[in-house]
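Order-wise, the sequence lines are chains W, U and Y. If you read the first sequence in the numbering used here, its first letter stands for residue 209, the second for the next number, and so on. If you read the second sequence in the numbering used here, its first letter stands for residue 209, the second for the next number, and so on. If you read the third sequence in the numbering used here, its first letter stands for residue 209, the second for the next number, and so on. Glycine residues also receive a C-beta, built at the ideal position from the N, C-alpha and C atoms. Here the structure comes first, spelled out in structure tokens, and everything after it is commentary.
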Amino acid sequence: MESPWDELTLAFSRTSMFPFFDIAHYLVSLMAMKRQPGAVTVAWKNPFSSWFTAMLHCFGGGILSCILLAEPPVRFLANNTNILLASSIWYIIFFCPCDLVCQAYSFLPVQLLAAGMKEVTRTWKIVGGVTHANSYYKNGWIVMIAIGWARGAGGTIITNFEQLIKGTWKPEADEWLKMSYPSKVTLLGSVMFTFQHTKHLAISKHNLMFFYTVFLVATKITMMLTETSTVSFAPFEDALGRMLFGCHQRFSPRVKKNETKSNGTGSSTSKPTADASDKLKKKHSKKTE
Amino acid sequence: MESPWDELTLAFSRTSMFPFFDIAHYLVSLMAMKRQPGAVTVAWKNPFSSWFTAMLHCFGGGILSCILLAEPPVRFLANNTNILLASSIWYIIFFCPCDLVCQAYSFLPVQLLAAGMKEVTRTWKIVGGVTHANSYYKNGWIVMIAIGWARGAGGTIITNFEQLIKGTWKPEADEWLKMSYPSKVTLLGSVMFTFQHTKHLAISKHNLMFFYTVFLVATKITMMLTETSTVSFAPFEDALGRMLFGCHQRFSPRVKKNETKSNGTGSSTSKPTADASDKLKKKHSKKTE
Amino acid sequence: MESPWDELTLAFSRTSMFPFFDIAHYLVSLMAMKRQPGAVTVAWKNPFSSWFTAMLHCFGGGILSCILLAEPPVRFLANNTNILLASSIWYIIFFCPCDLVCQAYSFLPVQLLAAGMKEVTRTWKIVGGVTHANSYYKNGWIVMIAIGWARGAGGTIITNFEQLIKGTWKPEADEWLKMSYPSKVTLLGSVMFTFQHTKHLAISKHNLMFFYTVFLVATKITMMLTETSTVSFAPFEDALGRMLFGCHQRFSPRVKKNETKSNGTGSSTSKPTADASDKLKKKHSKKTE
């Protein structure tokens with residue numbers, strides 16, 4: 209006999225992402241794509257290339273997960289309904305007369321709603337990835353974490369790679385020292401869901417899905433309202449780092465130049481400067497995962 | 209009771225590409241590879257590296273199709289006969305005493321014959337790709353178009369990627385705004401054969417193969433005789449673009465600088481200049497797909 | 209009734225690589241990784257990124273082999289024991305107090321022992337790759353050579369690719385003219401084991417494994433003691449080159465500039481200069497495969 213709470217979380221975990229949550233995910237991803245320099249010009253000059261990039265933005269996580277598990281990367285193209293939905297949203301975002309969709313999207317409540325719904329899909333992707341990996345490797349908890357993470361936040365890798373191939377993006381060496389907030393939070397979720405799946409975490413899947421989703425949505429909305437691009441994990445990361453790696457450890461991204469310039473002085477003095485420059489960098493490069 | 213016409217087209221569709229059409233395809237691809245700067249030097253200094261690049265030129269479309277369908281990319285190496293044939297042609301092109309093969313190839317009738325036969329193989333590759341994709345995804349018409357296209361014209365992606373890895377090619381951002389002629393014509397063929405396969409096009413496969421091949425060969429030979437690198441689809445593209453995307457749409461590649469310089473003036477004034485610069489660029493970069 | 213010699217080589221061929229030989233392989237690979245510029249800084253700033261790179265260094269050959277055979281590239285993550293072992297070695301190399309491991313590794317006998325044991329694993333990897341490819345393609349001897357080679361020396365491709373993506377490595381065009389010593393020697397081994405597998409070489413597998421391993425270990429130790437980075441195959445390569453490709457052929461890597469500067473004079477005059485500059489380059493870029 210399930211409690212009302214259990215029934216609520218169970219019903220929540222059985223919600224289908226199609227069509228509304230998927231629409232929100234495509235909308236947010238494609239609005240982020242549209243804000244990239246040159247995206248509109250490409251859409252006018254070569255709609256096919258723009259459409260292809262749009263599909264990578266919408267389905268990138270699933271594509272990466274397929275590549276890692278040696279499944280056909282084109283499999284997402286077989287789901288005609290979702291492709292049609294994503295293509296329609298791409299079309300009306302880029303070609304709607306008078307830019308109506310973008311004007312509507314400029315209202316904060318619309319952005320908050322869409323972003324919140326997108327975060328819900330992140331949970332579903334992580335869970336789907338973990339479950340799918342488990343069907344391949346029964347006790348492969350590292351694989352499960354990797355695939356859950358790839359599905360939840362791997363889209364950026366695919367889109368960055370496409371830009372690298374196209375010559376519109378050149379990776380900076382220290383970009384890889386910084387793990388973005390969506391990346392960290394997805395990794396955390398993937399670890400939790402994997403340990404729940406392997407019965408190392410004493411919580412039911414639907415309850416974990418509920419709590420994790422609430423956490424995601426709450427932090428996302430908070431970040432949008434306060435105009436910060438990240439919730440700082442720095443205290444936890446520093447503590448974990450010191451515990452595992454000793455006092456040299458900095459998890460939080462520090463600009464390499466500052467470290468070099470300070471010439472071995474303690475991190476604390478360089479911290480405010482690095483934080484400020486980090487915040488500036490993050491404001492300028494709003495990538496939505 | 210089939211008509212003589214049906215018998216003709218049926219017999220045509222059952223022609224085996226091995227060995228003569230395959231030889232033509234390898235010959236044209238490897239002569240194009242030889243014309244790339246530094247290719248001969250590489251062949252002398254590191255024949256293995258040159259041979260590997262040659263195999264990518266000859267089998268690139270199939271490799272890309274395998275990657276997209278999560279089949280072993282090395283599968284082409286299992287076909288010992290074709291590998292031996294392609295390797296022999298690579299060998300005699302690069303190491304034949306007194307460059308006999310290249311001298312023979314410099315005669316226009318030889319080039320026309322080889323190029324025409326190569327275009328025939330394009331049809332077979334598209335059809336093979338569409339059929340193969342259909343065995344994976346029964347109603348996945350987008351997948352079928354993608355795989356047909358990859359097999360027919362995907363080789364350039366593989367060879368460009370190899371050059372990118374080797375550091376001998378850096379993609380220019382606006383290269384992706386331009387779809388090459390072989391790319392466009394292969395996409396068109398892939399769409400037609402997919403719709404024929406899904407019974408949306410009321411024409412038999414062997415008839416479509418015949419007509420499409422005749423179109424390919426005729427346009428290719430015309431382009432070689434008139435020394436243009438493309439048959440202009442611009443009127444159709446512009447019409448299609450206006451219908452789907454409104455009056456902003458330009459399918460035809462325009463040099464980005466001209467668009468910026470003209471500062472919002474109509475495209476027509478910048479068109480002659482862009483066309484001329486396009487022609488110059490295309491003459492210098494003759495890539496054969 | 210087997211002779212004592214057969215029993216010896218048979219017992220040798222049945223030796224398990226786990227755990228001691230695997231430890232040696234991880235140790236040598238990760239010490240080479242640590243010597244790369246910036247590796248220690250990355251480990252302190254983003255241990256996760258450093259750990260990921262470490263796993264690519266340890267399992268790169270297997271990953272490449274999986275990619276080529278369309279098997280899940282994440283499969284190596286399912287082997288929890290080996291991952292744990294490699295991760296432990298990474299941890300103690302980068303975070304051991306007072307750098308004890310590195311100090312111990314700085315003794316030449318330790319380096320010789322570890323390098324020798326690592327070369328033993330190369331044989332096992334080649335044999336494993338050839339056998340595995342044969343299960344896919346019964347008579348595909350080219351595939352078998354390719355997979356044996358990928359497993360034995362393919363790790364560098366994976367790690368270079370990762371650095372390319374990260375922007376910490378840019379390929380030079382003429383790097384691909386030079387095949388590194390481990391690459392050449394692995395290709396040789398892969399060819400021999402393939403021909404042994406297809407019964408074209410009249411020697412038993414365990415005998416060939418023994419002789420090839422002795423050759424690898426002996427040449428590796430000789431190179432380390434004499435501080436050269438390669439055993440010169442140049443005489444054999446030149447002879448093979450002349451036989452197959454005529455008198456233009458140079459297999460040995462020559463700096464392109466010298467060839468250009470010497471303006472068509474015989475290779476012999478430029479050879480000492482090229483050799484000296486090669487030796488300088490190789491001393492500076494000690495990559496262990």
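> Whose Cβ in chain U lies nearer than 8 angstroms to the Cβ of W:Ala278?
Replying inline: Walking along the first sequence from the start, residue 278 of chain W turns up at place 70. For W:Ala278, the chain U residues whose Cβ falls inside 8 angstroms of its Cβ are Ala278, in order along the chain.
> Do Y:Ser314 and Y:Ala361 come within 8 angstroms of each other at the CB atom, strictly closer than that value?
Replying inline: Here residue 361 of chain Y refers to the residue found at position 153 when the third sequence is read from its first residue. Here residue 314 of chain Y refers to the residue found at position 106 when the third sequence is read from its first residue. Against a cut-off of 8 angstroms, the Cβ pair of Y:Ser314 and Y:Ala361 comes out as no contact.
> How is U:Ala341 classed by DSSP in three states: helix, strand or coil?
Replying inline: Residue 341 of chain U sits at position 133 when you count from the first residue of the second sequence. Helix, per DSSP.
> Y:Ile373 by DSSP, collapsed to three states: which one?
Replying inline: Taking the third sequence and counting its residues from 1, one reaches residue 373 of chain Y at position 165. Annotated three-state conformation of Y:Ile373 is helix, per DSSP.
> Nearest CA to the CA of U:Pro245: which residue from U:Val393, U:Thr376 and U:Thr434?
Replying inline: For the purposes of this step, residue 245 of chain U is taken as residue 37 along the second sequence, with counting starting at 1. Of all alpha-carbon atoms in U:Val393, U:Thr376 and U:Thr434, the one lying nearest the alpha-carbon of U:Pro245 is that of U:Thr376.
>> Tell me the residue span of the alpha helix (DSSP H) that contains W:Val309.
In response: Counting from one through the first sequence, the residue named residue 309 of chain W turns up at place 101. In the DSSP annotation of this structure, the continuous segment of the alpha helix (DSSP H) that includes W:Val309 starts and ends at Leu308 to Tyr313.
>> Against chain U, with Cβ distances strictly below 8 angstroms, would W:Leu285 count as a contact?
In response: To locate residue 285 of chain W, count along the first sequence from 1; it is residue 77. Yes - at least one Cβ of chain U is within 8 angstroms of the one on W:Leu285.
> When every heavy atom of the ligand ATP is checked, does at least one fall within less than 7 angstroms of the C-beta of Y:Asn290?
Replying inline: This structure lacks the ligand ATP; in fact it carries no ligand of any kind.
> Is there at least one Cβ from chain W nearer than 8 angstroms to U:Tyr345's Cβ?
Replying inline: Position 137 of the second sequence holds residue 345 of chain U. At a cut-off of 8 angstroms, the C-beta of U:Tyr345 has a neighbouring C-beta in chain W.
> How many Å lie between Y:His405 and Y:Leu218 at the Cα?
Replying inline: Looking up residue 405 of chain Y in the third sequence gives position 197. Looking up residue 218 of chain Y in the third sequence gives position 10. Each residue's alpha carbon lies about 16 angstroms from the other.
> Where do the N-terminal and C-terminal ends of the alpha helix (DSSP H) with Y:Lys428 fall, by residue?
Replying inline: On the third sequence, residue 428 of chain Y is found 220 positions in, with the first residue counted as 1. Its alpha helix (DSSP H) spans residues Lys413 to Thr434.
> Of all Cβ atoms in chain U, is any one closer than 8 angstroms to the Cβ of W:Phe419?
Replying inline: By one-based count along the first sequence, residue 419 of chain W stands at place 211. No, W:Phe419 lies away from the interface with chain U (no Cβ there is under 8 angstroms from its Cβ).
> For Y:Asn471, which residues from the same chain have a beta carbon less than 8 angstroms from its beta carbon, with the 5 sequence-adjacent residues on both sides left out?
Replying inline: Walking along the third sequence from the start, residue 471 of chain Y turns up at place 263. For Y:Asn471, the predicted structure reports a pLDDT of 40, less than 50, and the residue's modelled location is therefore unreliable. A value from the coordinates is still provided. Excluding sequence neighbours, Y:Asn471 sits near nothing in its chain.
> So what does DSSP say about W:Ser388, is it helix, strand or coil?
Replying inline: Against the first sequence, residue 388 of chain W aligns to sequence position 180. It is coil, neither helix nor strand.
>> Any beta carbon of chain W sitting closer than 8 angstroms to that of U:Gly397?
In response: Translated into positions along the second sequence, residue 397 of chain U becomes position 189. Judged by the 8 angstroms Cβ criterion, U:Gly397 is not in contact with chain W.
>> According to DSSP, simplified to helix, strand and coil, what is Y:Phe552?
In response: Residue 552 of chain Y cannot be examined here, being either before or after the span of chain Y that is shown, 209 to 497.
> Can you round the beta-carbon distance between W:Val318 and W:Met417 to whole angstroms, since I take them to be within the 8 angstroms contact cut?
Replying inline: Residue 318 of chain W sits at position 110 when you count from the first residue of the first sequence. Residue 417 of chain W sits at position 209 when you count from the first residue of the first sequence. With 8 angstroms as the limit, W:Val318 and W:Met417 do not qualify as a contact, their Cβ atoms being about 25 angstroms apart.
>> Restricting to Cα atoms, I'd like to know which of W:Cys310, W:Thr430, W:Leu448 and W:Glu445 is closest to W:Glu327.
In response: Within the first sequence, residue 327 of chain W is the residue found at index 119, counting from 1. Of W:Cys310, W:Thr430, W:Leu448 and W:Glu445, the residue nearest in Cα terms is W:Thr430.
>> By alpha-carbon positions, which one of U:Phe229, U:Glu215 and U:Phe419 ends up nearest to U:Leu321?
In response: Counting from one through the second sequence, the residue named residue 321 of chain U turns up at place 113. Closest in C-alpha terms to U:Leu321, from the list U:Phe229, U:Glu215 and U:Phe419, comes U:Phe229.
> With burial defined as no fewer than 16 other Cβ atoms inside 10 Å of the residue's Cβ, what is the status of W:Met451: buried or exposed?
Replying inline: As a working note, residue 451 of chain W is residue 243 in the first sequence. The residue is exposed, with fewer than 16 neighbouring Cβ atoms inside 10 Å.
> Among U:Phe441, U:His265 and U:Leu277, which residue has its Cα nearest to the Cα of U:Gly348?
Replying inline: Here residue 348 of chain U refers to the residue found at position 140 of the second sequence. Ranking the options by Cα distance to U:Gly348, first place goes to U:Leu277.
> Along chain W, which residues have their Cβ under 8 angstroms away from the Cβ of U:Ile366?
Replying inline: On the second sequence, position 158 is the one that residue 366 of chain U refers to. By Cβ distance, chain W contributes nothing, its closest Cβ being about 12 angstroms from U:Ile366, past 8 angstroms.
>> Taking the straight line between their C-alpha atoms, what separation do you get for Y:Thr436 and W:Lys413?
In response: In the third sequence, the residue the question calls residue 436 of chain Y occupies position 228. In the first sequence, the residue the question calls residue 413 of chain W occupies position 205. The straight-line gap from Cα to Cα measures roughly 58 angstroms.
>> For Y:Thr234 and Y:Ile297, which I take to be in contact (beta-carbon distance under 8 angstroms), what is that distance rounded to the nearest angstrom?
In response: Here the question's residue 234 of chain Y lines up with position 26 in the third sequence. Here the question's residue 297 of chain Y lines up with position 89 in the third sequence. In the sequence as displayed, the identity of residue 234 of chain Y is Tyr instead of Thr. Yes, they are in contact, since the Cβ atoms of Y:Tyr234 and Y:Ile297 sit about 5 angstroms apart, within 8 angstroms.
> Taking DSSP as the reference, what is the three-state secondary structure of W:His507?
Replying inline: With chain W covering only 209 through 497, there is no way to say anything about residue 507 of chain W.
> Could one say the Cβ of Y:Ile291 lies closer than 8 angstroms to chain W's Cβ atoms, at least one of them?
Replying inline: On the third sequence, residue 291 of chain Y is found 83 positions in, with the first residue counted as 1. Yes - at least one Cβ of chain W is within 8 angstroms of the one on Y:Ile291.
>> Tell me which residues share the same chain as Y:Val399 and place their Cβ nearer than 6 angstroms to its Cβ, disregarding the 5 neighbours each side in the sequence.
In response: Numbered from its first residue, the third sequence carries residue 399 of chain Y at position 191. Excluding five sequence positions before and after Y:Val399, the CB atoms of its chain that fall closer than 6 angstroms to its own CB belong to Ile353, given in chain order.
>> Tell me the residue span of the alpha helix (DSSP H) that contains W:Phe229.
In response: Within the first sequence, the letter at position 21 stands for residue 229 of chain W. Looking at the DSSP string, the run of the alpha helix (DSSP H) that includes W:Phe229 is Phe228 to Lys242.
> Could you check where the alpha helix (DSSP H) with W:Phe260 kicks off and where it finishes?
Replying inline: Working through the first sequence from its first residue, we reach residue 260 of chain W at position 52. Run containing W:Phe260: Pro255 to Leu276, per the alpha helix (DSSP H) assignment.
>> So, at 8 angstroms on beta carbons, what are the nonlocal neighbours of W:Ile301 in its own chain, with the 5 sequence-adjacent residues on each side left out?
In response: Looking up residue 301 of chain W in the first sequence gives position 93. Taken in chain order, the residues that qualify are Leu235, Leu238, Met239, Lys242, Val309 and Cys310.
>> Please report the distance separating the alpha-carbon of W:His408 from that of W:Ala251.
In response: Reading the first sequence from its first residue, position 200 is the one you call residue 408 of chain W. Reading the first sequence from its first residue, position 43 is the one you call residue 251 of chain W. Cα-Cα distance, rounded: 48 angstroms.
> Can you tell me whether Y:Phe267 is buried or exposed, with buried defined as 16 or more other CB within 10 angstroms of its CB?
Replying inline: Numbered from 1 along the third sequence, position 59 holds the residue referred to as residue 267 of chain Y. If you draw a 10 Å sphere on the C-beta of Y:Phe267, you find 16 or more other C-beta atoms in it, and that means buried.
>> Closer than 7 angstroms between beta carbons: that is the criterion. Which residues of the region 233–253 of chain W meet it against chain U?
In response: Correct list: Val250, Trp252 and Lys253.
> What is the residue span of the alpha helix (DSSP H) that W:Phe220 lies within?
Replying inline: The count along the first sequence starts at 1 and reaches residue 220 of chain W at position 12. Residues Pro212 to Ser221.
>> Measuring only the C-alpha atoms, how far is W:Ser258 from W:Cys306?
In response: Within the first sequence, numbered from 1, the residue matching residue 258 of chain W stands at position 50. Within the first sequence, numbered from 1, the residue matching residue 306 of chain W stands at position 98. Rounded to whole angstroms, W:Ser258 to W:Cys306 spans 19 angstroms at the Cα level.
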